[in-house]
Every structure is written in C-alpha cells, then in structure tokens.
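Here the protein sequences come in this chain order: B and G. Quick note on the numbering used here: the first sequence kicks off at 8 and runs consecutively. Quick note on the numbering used here: the second sequence kicks off at 8 and runs consecutively.
Protein chains: 2
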Amino acid sequence: MTHDRTHEHAGPTDDPHAAARPDDGERPRGVVAAAEAGVAGAVAAAEHARANLGEVVRTPEVTRRLALLWDPPAPATRGRKARLTLDDVVRAGTAVAQEGGLDALSMRRVATELGVGAMSLYTYVPGRTELVDLMVDRAYAEFDLPHAGDPWRPALAQYAHEMWRLYLRHPWILQTNMWRAPLAPHVLDAQEAGLRTIVDTGLPEVQVVEILGLVDNYVQGMARASIAEAAEQDATGMGTDEYWTTMNSFWEDWFEVERYPTMTRVYVAGGFDAPQGPLDASLERLLDAIEMAIDRAGSTASTG
Amino acid sequence: MTHDRTHEHAGPTDDPHAAARPDDGERPRGVVAAAEAGVAGAVAAAEHARANLGEVVRTPEVTRRLALLWDPPAPATRGRKARLTLDDVVRAGTAVAQEGGLDALSMRRVATELGVGAMSLYTYVPGRTELVDLMVDRAYAEFDLPHAGDPWRPALAQYAHEMWRLYLRHPWILQTNMWRAPLAPHVLDAQEAGLRTIVDTGLPEVQVVEILGLVDNYVQGMARASIAEAAEQDATGMGTDEYWTTMNSFWEDWFEVERYPTMTRVYVAGGFDAPQGPLDASLERLLDAIEMAIDRAGSTASTG
DNA sequence: CACGCTAGCATACGGTGTACGGAAAAGGGA
DNA sequence: TCCCTTTTCCGTACACCGTATGCTAGCGTG
Chain B
8 MTHDRTHEHA
18 GPTDDPHAAA
28 RPDDGERPRG
38 VVAAAEAGVA
48 GAVAAAEHAR
58 ANLGEVVRTP
68 EVTRRLALLW
78 DPPAPATRGR
88 KARLTLDDVV
98 RAGTAVAQEG
108 GLDALSMRRV
118 ATELGVGAMS
128 LYTYVPGRTE
138 LVDLMVDRAY
148 AEFDLPHAGD
158 PWRPALAQYA
168 HEMWRLYLRH
178 PWILQTNMWR
188 APLAPHVLDA
198 QEAGLRTIVD
208 TGLPEVQVVE
218 ILGLVDNYVQ
228 GMARASIAEA
238 AEQDATGMGT
248 DEYWTTMNSF
258 WEDWFEVERY
268 PTMTRVYVAG
278 GFDAPQGPLD
288 ASLERLLDAI
298 EMAIDRAGST
308 ASTG
Chain G
8 MTHDRTHEHA
18 GPTDDPHAAA
28 RPDDGERPRG
38 VVAAAEAGVA
48 GAVAAAEHAR
58 ANLGEVVRTP
68 EVTRRLALLW
78 DPPAPATRGR
88 KARLTLDDVV
98 RAGTAVAQEG
108 GLDALSMRRV
118 ATELGVGAMS
128 LYTYVPGRTE
138 LVDLMVDRAY
148 AEFDLPHAGD
158 PWRPALAQYA
168 HEMWRLYLRH
178 PWILQTNMWR
188 APLAPHVLDA
198 QEAGLRTIVD
208 TGLPEVQVVE
218 ILGLVDNYVQ
228 GMARASIAEA
238 AEQDATGMGT
248 DEYWTTMNSF
258 WEDWFEVERY
268 PTMTRVYVAG
278 GFDAPQGPLD
288 ASLERLLDAI
298 EMAIDRAGST
308 ASTG
C-alpha cells in the first residue's frame with residue numbers, strides 16, 4: 008500500500024477515546040475531546056456527541072480519504088527526491104478538469120500533462136477519488152470568506168456571490184459530490200463562514216442549517232443553468248457542446264406543438280431566451296424571504 | 008450501425024425546411040411548421056423561430072439519441088423473433104440503477120440481469136446514453152400531472168410534490184444530466200404541466216421559466232439532502248453507505264474545534280440532526296415568495 | 001426449400017483505475 | 001568508501017468498461 012508514512016489507526020476500535028490520534032498534545036481534536044477540554048459546551052456537549060457517535064468505526068478506506076486532507080505528510084528527508092509536489096499534481100488535475108470536465112480527468116491524462124508515468128501519481132495521491140477531493144479543497148481555498156462581525160445580510164450575500172464565482176471558475180465541481188461536499192478543510196471553512204453569517208440572528212439551529220442549504224442550493228442551480236447557457240456560445244465543451252445542436256434539430260424535427268402548447272407559447276414569447284440574469288436580481292428575493300423567517304423567529308422567541 | 012431501420016436524416020442540411028421528416032402528413036411537427044399551420048402564433052412565431060434556429064444541423068449522434076424516444080420503431084414482422092422487449096431492457100436498467108446507483112449501470116450488468124449476452128442489448132438500444140434517457144423518460148411517466156384548470160398554488164405544490172416523489176423513488180436520476188434534463192416526451196410533459204400552472208398568472212414569460220427552475224431546483228436540493236440522509240439508516244447503498252462511517256471517524260479524529268466554532272455550536276445544539284422535514288414546511292415559504300412575485304407582476308402590469 | 005431479414009452474441013479494441021514488484025536515486029551510518 | 005534503508009518512479013498486468021465487427025441461428029416469405 009502506498010502512503011504508509013501516514014500514521015495508521017487501529018481497525019474497528021475498542022476504546023475510541025484512547026486511540027484518538029498519535030501526535031496529540033497540541034490542541035483538542037474531535038468533538039468529544041473538545042467538549043471535555045471545555046472549548047464549546049463542556050460536559051453536556053460531550054455526552055451529546057458521544058451518544059450520537061456511538062461506536063466509531065475506522066475503515067482504512069475512510070482514513071485514506073481524509074488523511075491527506077487533514078494531515079498532509081511532512082516532506083521526506085531520506086530517499087530519492089521527488090520530481091513533483093502534491094500541489095503540482097492537484098493543479099494539473101484541475102487544469103485537465105477545466106477543459107473537458109471531470110470525465111476527462113483520468114490518471115493517465117494527468118500524468119501525461121506532468122510528463123511522468125501514470126503510476127507515479129500514486130506516490131502523491133492514493134487514488135483518483137482523493138485527487139478530486141484535493142482539487143475541490145484547493146478550489147474552495149480561493150473563497151473570500153465574509154468577516155465575522157458583518158451584519159448578516161451583506162455577509163450572506165457575499166457568501167452566495169463567492170460560491171457563485173467558485174462554480175463559474177470551476178464548473179467541474181458541479182460534477183462531483185452528488186450528495187454532499189467532501190469533508191475538506193477549506194470546504195468546511197466556507198460552511199463555517201456561511202453558518203456564522205446567520206447563527207446569531209435568533210434562528211433555531213435547525214433552521215440555520217436549513218437556510219444555508221437553501222442558499223447553497225439556489226446558487227448551485229443558478230450556476231448550473233448559467234454554465235449550460237455558456238456552453239452554447241463557448242464551444243469549450245463541458246461535454247455539452249452539442250446540446251444546442253440537439254436543441255435545434257429537436258425543435259425542428261420532433262417537437263409536437265399541440266402536445267406542448269404552453270411550452271410553445273413560452274418559447275414564442277422568448278421565455279427560454281434570457282440567461283436569467285447574473286444572480287443578483289433573484290438573490291435579493293431569496294434574502295427577503297430569509298429576512299422574513301428571521302423576523303418571525305425573533306417575534307416568536309420574544310412571545311413564547 | 009444498429010438501428011438502421013429508423014429513418015435517416017440528411018447530414019448538414021441545405022434546406023432545413025424541406026428535409027423535415029419523411030413520414031409527414033399527419034400533424035405539424037417542429038415550431039416552424041407549427042407556426043405556419045396556424046397552431047400557435049402564426050407568421051410572427053415562424054419568423055421568430057426561424058431567426059433563432061438559423062441553420063439546423065443534424066448530427067447522427069443527435070438523431071440517434073432522440074429517435075428512440077420520439078419515434079419508437081414498429082415491431083419487426085420479418086426475421087427472428089425477439090426474446091425481449093425494449094421495455095424489458097429499460098426496466099432491467101432501472102432495477103440495476105435502483106440498487107447501486109448509476110455507476111453500477113453497466114451494459115454487461117444489465118445483460119446478466121436479463122440472462123442475455125452483453126451485445127444483445129444493442130439490438131434494443133443504440134448505447135448506454137440512450138438507455139439512460141429511456142430510463143429517465145420511463146420514470147417521468149409516473150408523474151401525476153396537475154390538471155389544466157387548477158388554481159396555480161395547489162397545482163404548483165402538486166408539481167413539486169410529484170417531482171419530490173420521483174426523486175425519492177428513483178434517486179439515480181439525480182446522478183444523470185448535470186446540466187439539463189433530457190429531451191424526452193414524459194420529461195417535457197412534466198415541464199409543460201409545470202409551466203402551465205403559472206403561465207396564466209400574469210408573470211412575464213421569462214419569469215415563468217425562471218420560477219419553475221427555482222422550484223425544480225429547490226426540490227432537487229431537498230431530495231439530494233433527504234437521500235443522503237436516508238443512506239445513513241439504509242445501508243442500501245447509493246454508493247454512499249460509508250459516508251456516515253466517514254462522518255463519525257471524522258468528527259472524532261480530525262475535526263478541529265477552534266477552527267470551526269460555529270459548526271461546533273450548531274452541531275452541539277443538534278442543528279445537523281433533523282432531516283429538515285418532509286418538504287412541506289419550507290415549500291410553503293417558497294410558494295409565498297412566488298405569490299409575492301405574482302402580485303408584484305400583476306400590479307406593475309396594471310400600473311405601467 | 002432457399003432466400004433474406006433479424007436477433008443473439010463471441011471476440012476484440014481501446015479506454016479506465018490501480019495492485020504489484022522491480023529499478024533507480026538519494027541520505028545516513030559504518 | 002560502501003552499503004543499506006528509504007523513497008520515488010514506473011512497466012506490466014488485471015479487471016472492468018462501452019461498443020465495432022462479423023458470424024450464426026432462427027424465422028417469415030417467395
């Protein structure tokens with residue numbers, strides 16, 4: 008196995024607490040340890056956390072996936088010198104994904120880009136999955152986080168805009184993580200900053216999470232639409248260069264008007280033309296809705 | 008090439024109008040033809056459509072992708088009898104995708120499921136891409152469309168709920184079509200019905216499209232979250248069975264509390280616990296926002 | 001029966017991720 | 001200096017993928 012230099016955890020654990028991490032002694036890591044150190048909510052938090060966690064299972068698969076992100080290995084002093092850095096690999100991967108989308112991201116392709124053999128990449132990265140994680144993390148590092156003290160509305164707007172810029176700069180991100188974003192440091196930084204914008208508005212915590220999800224989702228949708236739209240003029244394919252061709256010949260050859268009267272009407276009126284604006288317009292509406300929710304939460308809190 | 012029994016179109020066309028379709032003479036197909044037949048908006052529509060379409064290019068790739076959906080071949084009378092039907096193949100593909108997600112959908116796997124050789128599938132389906140299209144179309148056929156006369160709000164709510172049910176029933180759909188839904192009959196039926204719910208509310212056509220996109224997007228996001236959540240209890244993997252394992256060992260081993268104070272606080276307060284309700288709650292908020300947009304459109308229309 | 005059309009499929013090609021094991025280079029200790 | 005350990009580098013190989021090609025078996029029709 009590659010990457011044995013990273014510390015190995017015990018398998019299915021007996022005492023999850025003791026086995027925590029080898030190089031302890033700095034700052035508390037893990038919610039349980041944190042609560043015991045009195046950082047957040049002390050004992051109650053520890054109980055809650057441990058109850059929720061139950062038996063912590065560490066599969067090598069999981070360890071492999073998280074280790075590089077959270078515990079990057081120190082550069083080796085002994086042995087043959089490396090031609091590349093991890094960042095070289097990640098950057099090359101990003102470049103490949105930039106033109107051609109995530110489908111084009113093959114290990115052999117990235118290796119060729121770097122002028123090395125395919126298997127050499129596995130010196131730097133345990134596999135393709137982890138490479139993608141690292142690429143995502145690197146992309147999120149560009150995020151210009153809203154500051155801590157800012158009032159919630161401009162801060163949340165900034166969060167949305169930054170997310171928007173991120174997707175437009177790295178459309179391939181939308182092709183990853185169908186279900187959830189990877190547990191990468193800079194990704195969590197962004198989420199932290201996002202939550203921070205509205206956590207002190209008096210909303211119940213569940214709604215805080217829900218609302219941030221709403222914003223994420225909204226931006227993601229707008230970005231998807233905008234990228235698909237851009238693929239029309241740019242032939243710089245995200246794999247969808249020919250979508251417009253399809254569209255054209257479809258409208259002409261197969262579209263049945265009396266089956267789709269509304270679509271025809273909307274089409275004729277130009278409803279499908281506009282690229283639904285550069286975010287701002289409808290984002291304000293969303294923020295309005297959120298503001299209403301915040302006001303409502305404030306009033307019910309003072310009433311009940 | 009398989010499927011030569013489907014009619015061939017000319018290549019890059021000279022006169023897009025004349026070449027339209029071989030078996031004409033029934034009902035008008037194509038927006039241009041439709042407008043000329045006086046179905047929708049007559050001459051103005053035809054001009055608009057033709058201006059927008061420009062030269063219609065028909066690549067064999069596109070034809071191949073749309074032909075089966077819109078022009079299913081008549082069952083052959085001559086030659087050896089088929090063991091399977093197209094629907095058998097599509098249903099088997101859906102079954103495979105149901106357990107194991109879209110990644111597990113390989114031609115060989117589907118063939119094995121049906122007890123035939125891998126290449127036999129290509130008698131029924133031109134390729135994997137088209138199989139997925141057909142699967143999506145079949146799934147959308149389950150859609151219980153809102154009726155034409157219904158008032159917009161319950162109709163749109165029904166649309167959202169049906170979409171929601173669709174995603175929960177067929178989570179693999181979320182793994183397809185990163186940018187746009189396929190141009191399949193039942194998919195367009197759903198979109199038609201969706202647009203129909205709000206097209207007569209006085210909103211400008213562009214906003215009609217935009218709002219339906221918003222709803223689609225919202226539902227999609229909620230479904231994604233809900234499915235990811237469900238993967239926790241169900242080990243019936245959408246490929247994410249081990250996500251929760253990851254989560255657990257992550258919180259315990261790598262999470263740094265003072266880097267993520269807000270997340271810790273929200274976590275301790277249980278903000279990440281709830282599966283954010285079965286759609287209804289926040290959908291009403293979205294509908295509220297839409298209602299506001301409709302009211303605004305009505306007032307500005309009467310004013311200006 | 002023989003012809004022609006069709007379904008069914010074995011084989012093969014070029015692609016993928018990656019396990020394995022050997023070769024090459026560098027540093028540290030004897 | 002030599003050697004030994006550590007690390008990089010990567011050729012080869014395997015299992016899997018989608019699918020082009022072309023053969024064969026079954027069927028309806030002349």
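Note that beta-carbon positions come from the ideal geometry of N, C-alpha and C, so glycine has one too.
Can you name, in chain order, every residue of its own chain whose Cβ lies under 7 Å from the Cβ of ALA125 of chain G, other than the five neighbours on each side? Counting only residues of its own chain and dropping the five nearest sequence neighbours on each side, ALA125 of chain G has a CB closer than 7 Å to the CB of MET114, ARG115, ALA118.
Return the Cβ separation of GLU149 of chain G and LEU173 of chain G in integer angstroms, given the expectation that the two are a contact with Cβ distance under 8 Å. By a beta-carbon distance limit of 8 Å, GLU149 of chain G contacts LEU173 of chain G. Their separation comes to about 7 Å.
Exposed or buried, which one is GLY122 of chain B when buried takes at least 16 other CB atoms within 10 Å? Exposed, because fewer than 16 other Cβ atoms sit within 10 Å of the Cβ of GLY122 of chain B.
CB-CB under 7 Å to ALA81 of chain B, same chain, minus the five flanking residues each way: which ones, in chain order? Hits under 7 Å: none found.
For the region 249-273 of chain B, enumerate the residues whose C-beta is nearer than 9 Å to any C-beta of chain G, in chain order. The residues in question are GLU249, TYR250, THR252, THR253, MET254, ASN255, SER256, PHE257, TRP258, GLU259, ASP260, TRP261, PHE262, GLU263, VAL264, GLU265, ARG266, TYR267, PRO268, THR269, MET270, THR271, ARG272, VAL273.
Please report whether the beta-carbon of VAL215 of chain B lies at a distance below 8 Å from any beta-carbon of chain G. Chain G contact via Cβ: present.
Would you call the CB atoms of MET185 of chain G and ASP223 of chain G closer than 8 Å? In this structure, the beta-carbon distance from MET185 of chain G to ASP223 of chain G does not fall below 8 Å.
Three or more C-beta pairs closer than 8 Å, one from the region 175-183 of chain G and one from the region 230-238 of chain G: is that the case here? Per the Cβ contact rule, the region 175-183 of chain G is in contact with the region 230-238 of chain G (3 or more Cβ pairs under 8 Å).
Could you tell me if SER289 of chain B is buried or exposed, where buried requires 16 or more neighbouring beta carbons within 10 angstroms of its beta carbon? Here SER289 of chain B is buried: its Cβ has 16 or more other Cβ atoms, across all protein chains shown, within 10 Å.
Listing by chain order, which chain G residues have their CB less than 7 Å from the CB of PHE279 of chain B? The answer, in chain order, is VAL216.
Taking a cut of 7 Å between CB atoms, which residues from the region 202-213 of chain B lie near chain G? Within the region 202-213 of chain B, the qualifying residues are LEU202, ARG203, VAL206, GLU212, VAL213.
With 7 Å as the C-beta to C-beta threshold (strictly closer), list the residues of the region 155-184 of chain B near chain G in chain order. Result list: LEU181, GLN182.
Let me check one thing: in DSSP terms, what residues is GLU263 of chain B bridge-paired to? DSSP output for GLU263 of chain B lists G:ARG36 as bridge partner(s).
Taking ASP78 of chain B as the reference, which of B:GLY228, B:LEU141, B:MET229 has the closest Cα? Comparing Cα positions, the closest option is B:LEU141.
Range covered by the alpha helix (DSSP H) that runs through HIS193 of chain G: Residues 192-205.
Please check the pair LEU286 of chain B and ARG160 of chain B, which I expect to be a contact at CB under 8 Å, by giving their CB distance rounded to whole angstroms. About 15 Å; that fails the 8 Å criterion.
Consider the Cβ of GLN198 of chain B: report whether some Cβ of chain G lies at a distance smaller than 8 Å. Judged by the 8 Å Cβ criterion, GLN198 of chain B is in contact with chain G.
Just the chain G side, please: which residues come within less than 8 Å of GLY300 of chain B by C-beta, in chain order? According to the sequence provided, residue 300 of chain B is Ala. The question's Gly does not apply to it. Under the 8 Å cutoff, chain G gives ARG292.
How would you call VAL69 of chain G, buried or exposed, if buried means at least 16 neighbouring beta carbons within 10 angstroms? Its Cβ being crowded by 16 or more others within 10 Å, VAL69 of chain G is buried.
Starting from VAL132 of chain G and walking both ways along the alpha helix (DSSP H), at which residues does that stretch end? Segment: none, VAL132 of chain G is in no alpha helix (DSSP H) and carries neither H nor E.
Buried versus exposed, by CB contacts within 10 Å (16 or more), ASP151 of chain B: The C-beta of ASP151 of chain B has fewer than 16 other C-beta atoms within 10 Å across all chains shown, which makes the residue exposed.
Counting only beta-carbon separations shorter than 8 Å, does GLY220 of chain B have a partner in chain G? Contact of GLY220 of chain B with chain G is assigned, a C-beta pair being separated by under 8 Å.
Since VAL123 of chain G is in the alpha helix (DSSP H), which residue starts that stretch and which ends it? No alpha helix (DSSP H) contains VAL123 of chain G, which DSSP labels as neither H nor E.
Closer than 8 Å to chain G by CB, SER306 of chain B: Closer than 8 Å: no.
Helix, strand or coil for LEU152 of chain G per DSSP? LEU152 of chain G: coil per DSSP, three-state reduction.
Interface residues of chain B around LEU152 of chain G at Cβ under 9 Å? Within chain B, no C-beta atom comes less than 9 Å from the C-beta of LEU152 of chain G; the nearest is roughly 12 Å away.
Hey, could you find the ends of the alpha helix (DSSP H) MET270 of chain B is sitting in? Residues 268-275.
Against chain G, does VAL69 of chain B count as a neighbour if the rule is that its beta carbon must be under 8 Å from one of theirs? At least one chain G Cβ lies under 8 Å of VAL69 of chain B.
Helix, strand or coil for GLY48 of chain G per DSSP? Residue confidence is low: GLY48 of chain G scores 45 on pLDDT, short of 50, so the model does not pin down where it sits. No coordinate-derived value is stated.
If you drop the 5 nearest sequence neighbours on each side, which residues of the same chain put their C-beta closer than 6 Å to that of ASP302 of chain G? Excluding residues within five positions, none has a Cβ falling inside 6 Å.
Within 10 Å of its beta-carbon, does GLU259 of chain G have 16 or more other beta-carbons around it, so buried, or fewer, so exposed? It counts as buried.
Contact set between SER233 of chain B and chain G, taken where Cβ atoms lie within less than 7 Å: Near SER233 of chain B there are no residues of chain G at all, since even the closest Cβ is about 10 Å away, more than 7 Å.
Between the beta-carbon of ALA304 of chain G and the beta-carbon of GLY156 of chain G, is there less than 8 Å? It is not a contact, given that the beta carbons lie outside the stated cut-off.
Can you tell me where the alpha helix (DSSP H) with GLN165 of chain G in it begins and where it stops? From DSSP, the alpha helix (DSSP H) with GLN165 of chain G extends over 159-176.
Can you tell me the Cβ-Cβ gap for ALA191 of chain B and VAL143 of chain B, rounded? I've got them flagged as a contact below 8 Å. The Cβ separation is near 6 Å, so the contact holds.
Mind listing the chain G neighbours of LEU128 of chain B? Cutoff is C-beta to C-beta under 9 Å, in chain order. Going along chain G, no residue has its Cβ under 9 Å from LEU128 of chain B, so there is no contact; the nearest lies around 22 Å.
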